[in-house]
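Presented below is the structure to which this report refers.
There are 2 protein chains.
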Amino acid sequence: MTLPIQKKRVTIKDVAQAAGVSTQTVSRVMNKFSYVSEDTRQRVEEVVERLGYHPSTLARSLIQQRSYTLGVVTFGLKYIGPSRTLNGVADQADALGYMMVMKELDNFDSSRIDDVIDSLLARQVDGILWAAPEIGSNHAWLDERLESIPVPVLFLAMQPRKGVSSVATDNYQGAVMAMQHLLTTGKKRIGHIAGPLSWWEAQERKRGWRETLEKAGLDASEQFCTEGNWSSASGEQAFHQLLEAYPYMDSIFVANDQMALSVLREAHRLGIRMPEQLAVVGFDNLPESAHFYPSLTTISQDLQLLGEEAVQRIVEMIQARQNNQIIPAQSWFIQPNLVVRESA
Amino acid sequence: MTLPIQKKRVTIKDVAQAAGVSTQTVSRVMNKFSYVSEDTRQRVEEVVERLGYHPSTLARSLIQQRSYTLGVVTFGLKYIGPSRTLNGVADQADALGYMMVMKELDNFDSSRIDDVIDSLLARQVDGILWAAPEIGSNHAWLDERLESIPVPVLFLAMQPRKGVSSVATDNYQGAVMAMQHLLTTGKKRIGHIAGPLSWWEAQERKRGWRETLEKAGLDASEQFCTEGNWSSASGEQAFHQLLEAYPYMDSIFVANDQMALSVLREAHRLGIRMPEQLAVVGFDNLPESAHFYPSLTTISQDLQLLGEEAVQRIVEMIQARQNNQIIPAQSWFIQPNLVVRESA
DNA sequence: CGATAACATGTTATCGATAACATAATACCA
DNA sequence: TGGTATTATGTTATCGATAACATGTTATCG
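Residue numbers (our numbering), protein chains in the order written: chain A, 2 to 345; chain B, 2 to 345.
The following block contains the structure:
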């Protein structure tokens, strides 16, 4: 059971010795700059290959004060949305030569948040991507903590704030597009199934529903909106509540597809014809949404792109800081699209 | 635009100086061992607090030759399965004090695989979790590369191999459970919609279907099985093909829930009564599956747990190696469960 | 042909922490 | 009271790489 193992890691010294040069020369060969004779270069490269040498990023980061690593804080990876965002982040980080160090939040007591930030900073991350959704006042910590963080921080899917950089889908605009589509098709009594209203994104979508109706001079009473928690099950329940509160409703804007699909299913079961009797528009554009009966008209938000953009932005911020400049804090929005299908 | 910034990072030297002690003493206070007088300890802790000092894990890793970091290689994060696994990995890594460095594969040309491994090793990860599914011969590289990797490697959802450690759901057993349930309810003409058969997991599930039928003396002809690609759309198509090939079929075992839900939908549309005329069993236990009409009987595989177990195992391997021992390579299986609902 | 630039390589200091060793002060015991 | 343990702290070497500086060699040119 006790066997000898551990092939020692090959270091720059081993290479230098084997090639009969100084470590500095090896470093020069690895980094392809400054002068190295063709002769030496080949000799070194050959040794590197033979010994299987790979420079320790760790040591390099230490001396260069730069790690090419992004700290990524996520929440709810088991849901499709966050994991698609993460996918975009991973792709783009890779493309730009950055590694990701991940921390997943389970809940939001703020002592934990301090720990998370500290552990990322201890890893010398060059920047932090905060990819946990804004729920209730779970972003309150940033008021007092943010300015003590010595690296750029970028928030995803957060309500824009002065002095803080963020990237988010334009949920309000998406909702407006959904509503305008319904209005265009002649619908006038439009109900809403909201997401959990502690979520900023749910609030924005609801605001889009309300304001569009109001601008059109239509009724946006509070009782025409019920609240779910994004899940299928809650969607079904919220639909029944809404049917009761608003029997003459001719269409619904549902805050996400998962709930919207439940609505389609229930409506179908109740023999309601769609879109004639009831038009339905969702939000998210899940893969399944295209394959339902009727297929779901929805707002497509490109979370992959959101993740990619976020990395792009933060890398710019990092580079600016390298040059001792600073990019003024800014909020970016990603525009969603309307995907018209059969349900509306 | 060009503003001065960059609060210098606080180092151990700053603390030592401010507290009037040596760096070594600060280190002793931070690591809570060896002798430090109560007096000094308090003084140092106070300075640490005041300056907001956090030790650089980077420097520590360098000297200790240990990074408390796991390399995690993933694939297909945009799908629910991989991201749930990752969720489990993240949770458990956190619980055990490890950080994760992630790399996502986009495809499988093996030069890229070498790069991925090299970049993880350059980060001095203590171990590697290979959480990309086995498809075709995409794991072939490990024959020649694995033994040159100086840290433990653990594979997830891989076919067991001699000399390689892995953790996987017992897909075969899950399939057998599904089939036995169908047999118990009196079904005898059982079709199968497989996942893409280049995937090992899809193969295993199909094998469970075939062998269970054969053992029961029933017909498991090749034409009673069609192949999808895990997606809703492909499930629908595969179902139609199967209906044609096996019109007298009284039940179906579908290799995942996403396809199974399409089957439910289509069958419902065609007016087929379930489970009397056609019983359906899926695999995965998606949240939606409980809320369909009929609700879907399925095999629940706990991917969260899979991820957690994997971290547990690799940390054991890492610790063993620290003590210069080696844990013999081993394959672990996670047992899935049958969840009986209305569809079968 | 001597001076200057371009090329090639080596030496030493450094990043931030800990390991290993050294030293000093106090306590305890025969 | 001298000797050994225990407690408390400092000094120096080290991890693996690169920065900064130094030095030597070969071209190039007026």
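Idealized CB from N, CA, C, for every residue including glycine.
Residue i, DSSP secondary structure in three states
| i | result |
| --- | --- |
| A:PHE240 | helix |
| A:ALA132 | strand |
| A:GLN174 | helix |
| A:ARG10 | coil |
| A:SER35 | coil |
| A:GLU46 | helix |
| A:GLU277 | coil |
| B:ARG124 | coil |
| B:VAL340 | strand |
| A:ILE300 | strand |
| B:THR24 | helix |
| B:THR227 | strand |
| B:PRO329 | coil |
| B:ILE319 | helix |
| A:THR185 | helix |
| B:ILE150 | coil |
| A:THR3 | For A:THR3, the predicted structure reports a pLDDT of 32, less than 50, and the residue's modelled location is therefore unreliable. A value from the coordinates is still provided. Note: A:THR3 maps to coil in three-state DSSP. |
| B:LEU78 | coil |
| A:LEU198 | coil |
| A:GLY308 | helix |
Beta carbon proximity, residue i to chain A, threshold 9 Å
| i | result |
| --- | --- |
| B:HIS55 | yes |
| B:SER263 | yes |
| B:ASP349 | Coverage of chain B is limited to positions 2 through 345, which leaves residue 349 of chain B absent and any answer about it impossible. |
| B:THR213 | no |
| B:SER166 | no |
| B:THR24 | no |
| B:GLN224 | no |
| B:GLN336 | no |
| B:LYS163 | no |
| B:ALA169 | no |
Closer than 9 Å to chain B by CB, residue i
| i | result |
| --- | --- |
| A:ALA123 | yes |
| A:ASN139 | no |
| A:GLU237 | yes |
| A:LEU4 | The predicted position of A:LEU4 is uncertain, since its pLDDT is 34 and thus under 50; no value can be drawn from it. |
| A:ALA268 | no |
| A:ARG85 | yes |
| A:ALA133 | no |
| A:GLN7 | With a pLDDT of only 46 at A:GLN7, under 50, the local geometry of the prediction cannot be trusted, and the value read off the model is given with reservation. So yes, A:GLN7 belongs to the interface. |
| A:SER344 | no |
| A:LEU52 | no |
| A:ARG10 | yes |
| A:ALA234 | yes |
| A:LEU63 | yes |
| A:ASN257 | no |
| A:LYS216 | no |
Continuous alpha helix (DSSP H) stretch holding residue i: start and end
| i | result |
| --- | --- |
| B:SER344 | Element bounds for B:SER344: n/a, residue is neither H nor E. |
| A:GLY89 | 81-96 |
| A:SER62 | 58-65 |
| B:LEU214 | 201-216 |
| B:SER263 | 258-270 |
| A:ASP220 | It is not in any alpha helix (DSSP H) - A:ASP220 carries neither H nor E in the DSSP assignment. |
| A:TRP142 | It is not in any alpha helix (DSSP H) - A:TRP142 carries neither H nor E in the DSSP assignment. |
For residue i, the residue or residues it bridges with in DSSP
| i | result |
| --- | --- |
| B:PHE156 | B:TRP131 and B:SER167 |
| B:MET103 | A:MET101 and B:VAL73 |
| A:ARG162 | A:VAL165 |
Closer than 8 Å: residue i CB and nearest the ligand SAM heavy atom
| i | result |
| --- | --- |
| B:LEU265 | With respect to the ligand SAM, the structure offers nothing, as it holds no ligand at all. |
Bounding residues of the beta strand (DSSP E) (the contiguous stretch that carries residue i)
| i | result |
| --- | --- |
| A:HIS193 | 191-195 |
| A:ILE253 | 252-255 |
| B:TRP333 | 332-335 |
| A:ALA280 | 280-285 |
Inset, instruction - Check each residue of the region 276-302 of chain A: if its Cβ is closer than 8 Å to any Cβ of chain B, include it; give the result in chain order. - result: PRO288, GLU289, ALA291, HIS292, PHE293 and TYR294
Inset, instruction - Anything in the region 95-118 of chain B with a Cβ closer than 8 Å to a Cβ of chain A? List those residues in chain order, please. - result: ASP95, MET100, MET101, VAL102, MET103, LYS104, GLU105 and ASP107
Inset, instruction - Output, in sequence order along the chain, the residues in the region 141-152 of chain A whose CB is closer than 7 Å to any CB in chain B. - result: SER149 and PRO151
Inset, instruction - Name, going along the chain, the residues of the region 21-47 of chain B whose beta-carbon falls closer than 9 Å to a beta-carbon of chain A. - result: none
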